[in-house]
Every structure is written in structure tokens, then in C-alpha cells.
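Trainee: Structure in C-alpha cells, see below.
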Amino acid sequence: MEKIYDVAILGAGPGGMTAAIYARRAGLEVIVIEKEKVGGALLATYEIANYTGFEKITGKELADRMFNHTKTLNTEYAYDEVKKVIVEGDVKVVECYKQTFKARTLILGFGASVRKLNLDNERKFVGRGISYCATCDGKLFEGKTVAIVGGGNTALEDCFFLSNLAKKVYLIHRREEFRGDAILSKQVKEKANIELVLNSAISKLIGDEQLKQIEVTNKVTGEIKPIDIDGLFVCIGRGPDTEMIDGDLKLSENGYIITDDCMRTNFDGVFAIGDIRNTPLRQIVTACSDGAIAATKAFEYIKIQKVKQK
Ligand code: NAP
Numbered sequence: 007m008e009k010i011y012d013v014a015i016l017g018a019g020p021g022g023m024t025a026a027i028y029a030r031r032a033g034l035e036v037i038v039i040e041k042e043k044v045g046g047a048l049l050a051t052y053e054i055a056n057y058t059g060f061e062k063i064t065g066k067e068l069a070d071r072m073f074n075h076t077k078t079l080n081t082e083y084a085y086d087e088v089k090k091v092i093v094e095g096d097v098k099v100v101e102c103y104k105q106t107f108k109a110r111t112l113i114l115g116f117g118a119s120v121r122k123l124n125l126d127n128e129r130k131f132v133g134r135g136i137s138y139c140a141t142c143d144g145k146l147f148e149g150k151t152v153a154i155v156g157g158g159n160t161a162l163e164d165c166f167f168l169s170n171l172a173k174k175v176y177l178i179h180r181r182e183e184f185r186g187d188a189i190l191s192k193q194v195k196e197k198a199n200i201e202l203v204l205n206s207a208i209s210k211l212i213g214d215e216q217l218k219q220i221e222v223t224n225k226v227t228g229e230i231k232p233i234d235i236d237g238l239f240v241c242i243g244r245g246p247d248t249e250m251i252d253g254d255l256k257l258s259e260n261g262y263i264i265t266d267d268c269m270r271t272n273f274d275g276v277f278a279i280g281d282i283r284n285t286p287l288r289q290i291v292t293a294c295s296d297g298a299i300a301a302t303k304a305f306e307y308i309k310i311q312k313v314k315q316k
């Protein structure tokens with residue numbers, strides 16, 4: 007007979023792994039489905055300094071610790087890419103490229119994927135000068151000149167990280183003020199090899215096989231400035247990954263899944279956690295908290311369903 011899990015957790019980020027810990031400790035049959043590597047957005051963060059109990063830890067180490075924690079509870083993982091998720095009905099279906107899974111409840115923790123600049127040639131230069139992950143690709147630019155675009159915590163953290171590797175870092179932001187935390191912007195402003203290019207947007211990507219230069223337009227003065235670079239890191243935020251969900255899930259106007267305080271979506275037995283959710287704060291600690299709540303509520307939901315079926 008085909009196995010029906012109690013919970014299918016989609017995405018092994020901090021929220022998904024926390025949900026797995028709570029669900030397994032409640033005695034539920036769990037499958038965690040992950041497209042790539044466990045850790046999610048943690049893997050794109052070099053150093054984490056705001057997760058309670060760890061003054062400093064790398065994203066990779068925290069991801070490994072969370073994963074090992076889930077494994078001590080014999081959590082089952084499937085490494086497969088989700089094609090379609092059917093959220094309706096008592097048994098939910100998760101169609102992946104290699105396998106199909108069925109579960110009584112779903113915890114959606116796909117996170118969000120990187121936003122693009124949508125400039126001509128952007129796609130062509132990916133891996134040829136353009137990167138969306140400083141932690142992954144920063145090392146390639148040791149001793150070189152790079153630019154980073156964005157003004158949030160990711161851009162500020164990545165800028166500082168890159169300034170310790172590269173000879174020179176241009177930080178390009180479309181406004182005067184940074185969106186990211188004051189402590190990070192102070193750090194960036196004080197670093198000698200970081201040059202701020204504010205109120206500015208990248209208007210052109212220039213190069214043949216490899217990105218060589220960017221054209222930057224000052225939005226206040228209209229001045230256009232060419233900057234020679236070896237690499238460009240695009241850190242302008244993320245957008246929710248909901249396109250594989252088959253069903254009329256309630257979304258916010260910018261596409262995030264709307265949940266109540268218990269992480270419940272508008273479909274019975276379907277929960278959403280972490281960055282994919284319409285949440286006021288996207289942090290590791292809040293993703294973990296979402297995961298704990300969702301798993302606890304999934305347990306209660308399953309219990310009620312079982313009583314109803316008797
Ligand atoms: P974010 O906070 O959404 O910031 C995106 C930045 O990119 C903003 O400064 C935005 O400018 C700019 N931007 C957006 N679209 C743009 C475009 N088309 N062209 C140029 N610039 C554009 O994204 P994030 O920095 O990736 O952070 C995501 C979430 O993770 C946040 O909640 C953040 O606090 C959290 N995070 C936390 C930490 C930490 O606490 N250590 C580390 C990393 C991330 P505007 O400001 O003008 O909108």
C-alpha cells in the first residue's frame with residue numbers, strides 16, 4: 007500500500023528542519039523534501055551573529071547542526087525537486103521529478119528565490135561575472151574589484167564579507183539610506199576599501215564573454231558613470247516560490263502566503279512557514295519559530311482528523 011505520511015515538509019531550511027524536530031518528537035511520520043542542499047538561505051550567509059545562543063556561527067555550520075539534530079530523530083529526507091503540490095483534500099499530493107509523496111498535512115517552507123535586476127545580458131553573465139551569492143562565489147574574486155547592488159541586510163553583510171577578500175568593493179544602492187540594520191551599515195561605511203555609490207542604479211552590463219564594466223546612473227543628478235569591475239553581486243532581495251502550488255492559496259499582494267498566527271493557510275492541513283509566508287520579519291529565529299508552531303498545529307489537526315474518522 008502506498009505510504010501516507012503524517013507531514014510532508016517542503017524545504018529543509020531552518021523552519022523546515024525545526025518543524026521536523028517538533029513533528030518527530032510528537033511521534034509523527036515525516037518526510038522532508040529538499041531540492042538542493044539542506045540549510046536553505048542559511049547556506050548563502052557566511053556568518054550569523056543574531057541567532058540566539060550563538061554569538062557567531064557560519065551558515066553552513068548552523069545548517070549542519072540543525073540537520074544532525076533532525077537525524078538524531080530519524081527524520082526521513084527526499085532530495086527531489088517539487089513539480090506540483092495539490093493542497094486540496096484530506097490527503098495532499100506532492101509530485102516531484104523522481105517520486106510522488108502523499109501526506110495528511112503539508113508544511114510549505116520553500117523560502118524565496120533571488121530577485122534579478124532584469125537588465126539586458128544579465129542571464130548571459132551569470133557565472134561570467136554575475137553572482138547572486140557572495141558566500142558561494144566570493145572566493146573567486148580574491149584581490150579583485152567587485153560591485154554589489156542592494157541596500158538590505160544581505161547586501162550589507164555580503165559587502166563586508168567581500169571587502170575582506172576583494173581589493174575594492176563598490177556598494178551600489180538606489181537610495182541614500184540603507185534598509186539593512188544600522189550596525190551593519192556603520193561597519194560598511196567605516197571600511198576603507200568599500201566605496202558607496204548611493205542614489206544610483208545599474209543601467210547597463212558591459213562585456214563580451216565576461217562582465218567587465220557596469221554603467222551606473224545617479225538618480226538625483228542623472229550622471230552616468232562607468233565602473234570597471236571583475237564581478238557583480240546582486241543582493242536585492244528574494245521573492246516567494248509559490249508557482250508549483252496547485253490550488254487557490256491566499257497570497258498577499260506581493261505574492262507571499264497568508265497564514266494565521268498558527269501558520270495555517272486557507273487550506274485545511276496546509277501550513278506555511280519562514281520566508282514564503284507573509285511575515286513581518288524574515289530571520290532564522292522567526293523561521294524556526296514558524297516551524298515549531300506549524301508542526302504543533304499539524305499534530306493537533308491530525309489528531310482531530312483521526313477522531314473524526316473513527
Ligand atoms: P531586502 O531586505 O528586501 O532588501 C533588498 C534591497 O535591495 C533593498 O535595499 C532594496 O532597495 C534593494 N532592491 C530591491 N529591488 C531592487 C532593484 N530592482 N534594483 C536595485 N535595488 C533593489 O532583502 P535582503 O537584504 O535579501 O534581506 C531579506 C530578509 O532577510 C530581510 O528581512 C533581512 O532583514 C533578512 N536578513 C537578515 C540578516 C541578518 O539579520 N543578519 C541577514 C540577511 C538577511 P530599497 O531599500 O530601496 O527598497
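When the letters of the sequence shown are read in order and numbered with the working numbering, they come out as residues 7 to 316. Ideal Cβ placement from N, Cα and C applies to all residues, glycine included. Since the structure is predicted, the reported quantities are computational estimates derived from the model, not experimental observations.
Mark Gly117 as exposed unless 16 or more other C-beta atoms lie within 10 angstroms of its C-beta, in which case mark it buried.
Mentor: Gly117 is buried by the Cβ-count criterion.
Trainee: Can at least three beta-carbon pairs, one atom from the region 155-166 and one from the region 239-255, be found at a separation below 8 Å?
Mentor: Contact holds: three or more Cβ-Cβ distances are below 8 Å.
Trainee: Check whether the Cβ atoms of Val222 and Ile212 sit closer than 9 Å, and answer yes or no.
Mentor: Going by C-beta atoms, Val222 is not nearer than 9 Å to Ile212.
Trainee: Distance check for Thr76 and Thr265, CA to CA, integer angstroms please.
Mentor: The alpha-carbon atoms of Thr265 and Thr76 are separated by roughly 25 Å.
Trainee: If you run the structure through DSSP and keep just helix, strand and coil, what is Glu221?
Mentor: Glu221: strand per DSSP, three-state reduction.
Trainee: State the beta-bridge partners of Val155 as determined by DSSP.
Mentor: Val155 pairs with Ile178 and Val240.
Trainee: Could you tell me how far apart the beta carbons of Lys150 and Lys173 are, in whole angstroms, since I believe they sit closer than 8 Å?
Mentor: Right, their Cβ atoms sit about 6 Å apart.
Trainee: Please return the same chain residues whose Cβ sits closer than 7 Å to the Cβ of Gln105, not counting the five positions on each side in sequence.
Mentor: Around Gln105: Ala84 and Asp86.
Trainee: First and last residue of the alpha helix (DSSP H) that includes Phe305?
Mentor: Ile290 to Gln315 is the span of the alpha helix (DSSP H), which, as asked, contains Phe305.
Trainee: Give the DSSP-derived three-state secondary structure of Tyr28 in the structure shown.
Mentor: If DSSP states are grouped into helix, strand and coil, Tyr28 belongs with the helices.
Trainee: What's the gap between the Cα of Ala301 and the Cα of Gly19?
Mentor: Rounded to the nearest angstrom, the two C-alpha atoms are 14 Å apart.
Trainee: Considering only DSSP beta bridges, list what Val132 is partnered with.
Mentor: Bridge partners of Val132: Ile136.
Trainee: Residue ranges of each beta strand (DSSP E) run of no fewer than 3 residues wholly in the region 8-57, ordered along the chain?
Mentor: Listed in chain order, they are 10-16 and 36-40.
Trainee: Could you check the C-alpha separation between Thr325 and Tyr57 for me, to the nearest Å?
Mentor: Because the chain is modelled from 7 through 316, residue 325 falls outside the range shown and cannot be assessed.
Trainee: Between the beta-carbon of Ala298 and the beta-carbon of Asp281, is there less than 9 Å?
Mentor: No, the pair does not count as a contact, with Cβ atoms beyond the cut-off.
Trainee: Would you check if the distance between the CB atom of Leu217 and the CB atom of Arg134 is smaller than 9 Å?
Mentor: Closer than 9 Å, so yes.
Trainee: Please report the distance separating the alpha-carbon of Phe273 from that of Val93.
Mentor: Rounded to whole angstroms, Phe273 to Val93 spans 7 Å at the Cα level.
Trainee: Are the region 256-265 and the region 188-203 in contact at 8 Å, needing three or more beta carbon pairs?
Mentor: Contact fails: fewer than three Cβ-Cβ distances are below 8 Å.
Trainee: Tell me which residues share the same chain as Ala109 and place their Cβ nearer than 8 Å to its Cβ, disregarding the 5 neighbours each side in the sequence.
Mentor: Excluding sequence neighbours, Ala109 sits near Ile10, Tyr11, Asp12, Val13, Ala14, Ile37, Val97, Lys98 and Val100.
Trainee: Residues in the same chain with beta-carbon distance under 7 Å from Ile200, minus the five sequence neighbours each way, listed in chain order, please.
Mentor: Counting only Cβ-Cβ distances below 7 Å, and skipping sequence neighbours, we find Cys165, Ser169, Val175, Leu177 and Val194.
Trainee: Can Gly22 and Ile279 be called in contact, C-beta distance under 9 Å?
Mentor: Cβ atoms of Gly22 and Ile279: closer than 9 Å.
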